[in-house]
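Top line first, the protein sequences correspond to chains A and B. The numbering of the first sequence is my numbering, which starts it at 8 and goes up by one. The numbering of the second sequence is my numbering, which starts it at 3 and goes up by one.
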Amino acid sequence: MYPFTKRLLITFFAFMMIFVALPVSDIEANTFDWKIYSNSIEYNQTGQSFTNRSCGQVNNATQGFFRLPNTSSSQTIASYPIDHRSVDLDFGSCSTYGMTHVLARHAPEHFIGNPTPVQSFFNPGRSLGNYETIIADIVAQNRTQIANYGFTSNGTVVYGNVNQGSVRLVIKGGKIITMYPSGWGLGEHQS
Amino acid sequence: MIEVKSYFTFMHKKKKFMISCADIPSLAEHINVTEPVFPGFVEIQDSGQTAFGSPYEDSIDHIWLGLLHGLEHLDEDVQTPFVYQPIDFCLKEVNQKLVISVHHNQVVIKEWAFPFDQGVQAILTGAEEFFAVVKRLNLHLFKDEIDTIEARLTNLKAFHKKRSDSS
């Protein structure tokens, strides 16, 4: 047998052995980064546990960090100019839209419970300012799409990236509605 | 018979409650007409199955606009993203059935099938009821677009009536 063909066959069988040895169930389990319990969430990578917060705590944290005079939902934290208009990041509310919604639903340190069937979380350790920076970056990278559709009732969904993967940002009526990891950071509901 | 119902959901003192789209006085009392998004859910019920429903609570206005868009593009693979979860939904006609599927990372995680004509008719009736409420409550998000949405509904009804009559 030619040496090249022999080497090719050895390499092929070596790859086949590695592939067969990989447990399929582990690959599936690895798609979840979090365990979701009734009162807390746990980060698989480090074992860190985060107890669910209250919406009041999220409101206080947001008001304190951005030094806001009150907790009115329509209070604007940041404005991102798009053409002659601007997309606003409002204080919002835990259950509907804005900065408090992003934190209450997808930031592990501020999660308030009541997970959705498909629930994703950012990795722990991000500051509130970092979430705002991610929003600003994604808006800047998608100005044309936002100009075309972000001010309508249907709005638009745009994507950006952080180190861990893709992030989905939803804008409707010129307002930042929410932002969360798309395709990673998934939580597995524990019975 | 296929029934389609819409519910708005609200939080008050840590408690979630829902109000039917048909209960306009209660909606008028609780809804903030200046919000850019309205949480809620749509139920499409046939004998023995319910499409969407409370597990798929999302932006109810976005779900309805997605259903309209889906009916307008049944022959294309158009996916509507949910607002609050990293999933999408899609409407298709398959073997004279209206198939509604929910996708995560391009994988179907839930699917419902309804008789095509009845399914389309029920969704269009539900959409008419929902957007009539949107108009009556004067939700600011829709103030520049409600007429266009009503025209889209009229076109869809005419298109599907013609199609149903000719089949």
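Where a beta carbon is used, it is the ideal one built from N, C-alpha and C, also for glycine.
Closer than 9 Å by beta-carbon distance: list the chain A residues that pair up with B/Y86, in chain order.
-> Locating residue 86 of chain B in the second sequence gives position 84, counting from the first residue. The answer, in chain order, is H108, R112, T123, V177, I184, T185 and Y187.
Three-state class that DSSP yields for B/C92 in the structure shown | Stepping through the second sequence from its first residue, residue 92 of chain B is reached at position 90. Strand at B/C92.
Return the chain-ordered list of same chain residues with a C-beta closer than 8 Å to the C-beta of A/G136, the five sequence neighbours on each side being excluded.
-> Translated into the one-based positions of the first sequence, residue 136 of chain A becomes position 129. Within the same chain, A/G136 has close Cβ partners F72.
From the beta carbon of A/S86, is the nearest beta carbon of chain B less than 8 Å away?
-> Start at 1 with the first residue of the first sequence, and residue 86 of chain A comes out as number 79. Closer than 8 Å: no.
For A/E49, which option in A/F118, A/G167 and A/H91 has the closest C-alpha, if you only look at C-alpha atoms?
-> Translated into the one-based positions of the first sequence, residue 49 of chain A becomes position 42. The residue with the shortest Cα to Cα distance from A/E49 is A/F118.
Cβ of A/T159 less than 8 Å from any chain B Cβ?
-> As a first step, residue 159 of chain A is located in the first sequence; it is residue number 152 there, counting from the start. Taking Cβ atoms only, chain B reaches closer than 8 Å to A/T159, which makes this a yes.
Sub-8 Å separation of B/G128 and B/S8 beta-carbons = Counting from one through the second sequence, the residue named residue 128 of chain B turns up at place 126. Counting from one through the second sequence, the residue named residue 8 of chain B turns up at place 6. Their beta carbons are under 8 Å apart, which means B/G128 touches B/S8 by this criterion.
Would you mind telling me which residues of chain B sit closer than 7 Å to A/T103, beta carbon to beta carbon, in chain order?
-> Residue mapping note: residue 103 of chain A aligns to position 96 of the first sequence, counting from 1. The answer, in chain order, is E37, V39 and P41.
Does the region 30-41 of chain B touch the region 174-184 of chain A, meaning 3 or more C-beta pairs lie closer than 8 Å?
-> Below 8 Å, enough C-beta pairs join the region 174-184 of chain A and the region 30-41 of chain B to call them touching: three or more.
Of all the residues that make up the region 124-136 of chain A, which are near chain B by a beta-carbon distance shorter than 8 Å?
-> P124, V125, Q126 and S127
In whole angstroms, what separates the C-alpha of A/P115 from that of A/S45?
-> For this step, residue 115 of chain A is matched to residue 108 along the first sequence. For this step, residue 45 of chain A is matched to residue 38 along the first sequence. A/P115 and A/S45: Cα-Cα distance of roughly 14 Å.
Counting only beta-carbon atoms, is A/V164 nearer than 8 Å to chain B?
-> Counting from one through the first sequence, the residue named residue 164 of chain A turns up at place 157. Yes, A/V164 counts as interfacial toward chain B.
Assuming B/I148 and B/F133 make a contact with CB atoms under 8 Å, what is their CB distance in whole Å?
-> In the second sequence, counting from the first residue as 1, residue 148 of chain B sits at position 146. In the second sequence, counting from the first residue as 1, residue 133 of chain B sits at position 131. Approximately 7 Å separates the beta-carbon atoms of B/I148 and B/F133; this is inside 8 Å, confirming the contact.
Would you please verify whether the beta carbon of B/H64 is less than 8 Å from any beta carbon of chain A?
-> For the purposes of this step, residue 64 of chain B is taken as the residue at position 62 of the second sequence. It does; some Cβ of chain A falls within 8 Å.
How would you call B/R138, buried or exposed, if buried means at least 16 neighbouring beta carbons within 10 angstroms?
-> In the second sequence, the residue the question calls residue 138 of chain B occupies position 136. The residue in question, B/R138, is exposed, as its Cβ has fewer than 16 Cβ neighbours within 10 Å.
Touch test, the region 43-51 of chain B against the region 6-21 of chain B, Cβ-Cβ under 8 Å, three pairs minimum | With a cut-off of 8 Å, the region 6-21 of chain B and the region 43-51 of chain B count as touching, because enough Cβ pairs lie within range.
Based on Cα-Cα distance, which residue from B/K112, B/K17, B/I33 and B/V85 lies nearest to B/D60?
-> On the second sequence, residue 60 of chain B is found 58 positions in, with the first residue counted as 1. Looking at the Cα atoms, B/V85 is the closest of the given residues.
Name the two residues that bound the continuous alpha helix (DSSP H) containing A/F72.
-> By one-based count along the first sequence, residue 72 of chain A stands at place 65. Element bounds for A/F72: C62 to F72.
Could you list which residues in chain B have their beta carbon closer than 7 Å to that of A/G172, in chain order?
-> In the first sequence, residue 172 of chain A corresponds to position 165, counting from 1. Residues of chain B passing the Cβ test: none, with the nearest at roughly 11 Å.
Beta-carbon separation (whole angstroms), A/D127 vs A/G194, contact threshold 8 Å = Along the first sequence, one-based indexing puts residue 127 of chain A at 120. Along the first sequence, one-based indexing puts residue 194 of chain A at 187. Per the sequence shown, residue 127 of chain A should be read as Ser rather than Asp. Contact flag correct, Cβ pair sits at about 7 Å.
Roughly how many angstroms separate the alpha carbons of B/V136 and B/H142, rounded to a whole number?
-> For the purposes of this step, residue 136 of chain B is taken as residue 134 along the second sequence, with counting starting at 1. For the purposes of this step, residue 142 of chain B is taken as residue 140 along the second sequence, with counting starting at 1. The alpha-carbon atoms of B/V136 and B/H142 are separated by roughly 9 Å.
Integer Cβ distance of A/I142 from A/I89, believed to fall under 8 Å = In the first sequence, counting from the first residue as 1, residue 142 of chain A sits at position 135. In the first sequence, counting from the first residue as 1, residue 89 of chain A sits at position 82. With 8 Å as the limit, A/I142 and A/I89 do not qualify as a contact, their Cβ atoms being about 13 Å apart.
DSSP state of B/F84, grouped into three classes?
-> Counting from one through the second sequence, the residue named residue 84 of chain B turns up at place 82. Residue state, collapsed to three classes: coil.
Cβ-Cβ distance between B/A24 and B/I102 below 8 Å | As a working note, residue 24 of chain B is residue 22 in the second sequence. As a working note, residue 102 of chain B is residue 100 in the second sequence. Against a cut-off of 8 Å, the Cβ pair of B/I102 and B/A24 comes out as no contact.
Name the chain E residues whose beta carbon is nearer than 7 Å to that of A/G190?
-> In summary, chain E is missing from the structure at hand, where the protein chains are A and B.
Rounded C-alpha distance that separates B/Q108 from A/P76 = Mapped onto the second sequence, residue 108 of chain B falls at position 106. Mapped onto the first sequence, residue 76 of chain A falls at position 69. Rounded to whole angstroms, B/Q108 to A/P76 spans 44 Å at the Cα level.
Close-in-space but distant-in-sequence residues of the same chain around B/A124 (CB under 6 Å, 5 per side omitted) | The residue you call residue 124 of chain B lines up with position 122 of the second sequence. I4 and V6.
May I ask which residues mark the beginning and end of the beta strand (DSSP E) holding A/F96?
-> Mapped onto the first sequence, residue 96 of chain A falls at position 89. A quick correction: the sequence has Leu, not Phe, at residue 96 of chain A. Start and end: R92 to D97.
Assign B/A160 to one of three DSSP states: helix, strand, or coil.
-> Counted from its first residue, the second sequence places residue 160 of chain B at position 158. Three-state DSSP puts B/A160 in a helix.
How about B/S94 and B/L73: do their beta carbons lie closer than 8 Å?
-> Along the second sequence, read from residue 1 onward, the residue named residue 94 of chain B stands at position 92. Along the second sequence, read from residue 1 onward, the residue named residue 73 of chain B stands at position 71. Correcting the residue type first, residue 94 of chain B is Lys in the shown sequence and not Ser. Result no, Cβ atoms of B/K94 and B/L73 do not sit closer than 8 Å.
Option nearest A/L110 by Cα separation, candidates A/E139, A/D40, A/I153 and A/H196 | Start at 1 with the first residue of the first sequence, and residue 110 of chain A comes out as number 103. When C-alpha distances from A/L110 are compared across A/E139, A/D40, A/I153 and A/H196, the shortest belongs to A/E139.
Provide the residue span of the beta strand (DSSP E) that contains A/P188, from first to last.
-> As a working mapping, residue 188 of chain A is identified with position 181 in the first sequence. Here the beta strand (DSSP E) through A/P188 covers K182 to P188.
Got a sec? Which residues, its chain only, sit under 8 Å from A/L29 by beta carbon, not counting five neighbours each side?
-> Taking the first residue of the first sequence as position 1, residue 29 of chain A is located at position 22. Residue placement at A/L29 is flagged as unreliable, the pLDDT there being 35, under the threshold of 50; the coordinate-derived value follows with that caveat. Contacts found: none.
Under 8 Å by Cβ, that's how I've got B/I26 and B/F12 pegged, so tell me the actual separation to the nearest angstrom.
-> Your numbering for residue 26 of chain B matches position 24 in the second sequence. Your numbering for residue 12 of chain B matches position 10 in the second sequence. Not confirmed; about 15 Å, so no contact.
Do you know offhand how far B/L69's Cα is from B/H105's?
-> Here the question's residue 69 of chain B lines up with position 67 in the second sequence. Here the question's residue 105 of chain B lines up with position 103 in the second sequence. Taking the straight line from one Cα to the other gives about 15 Å.
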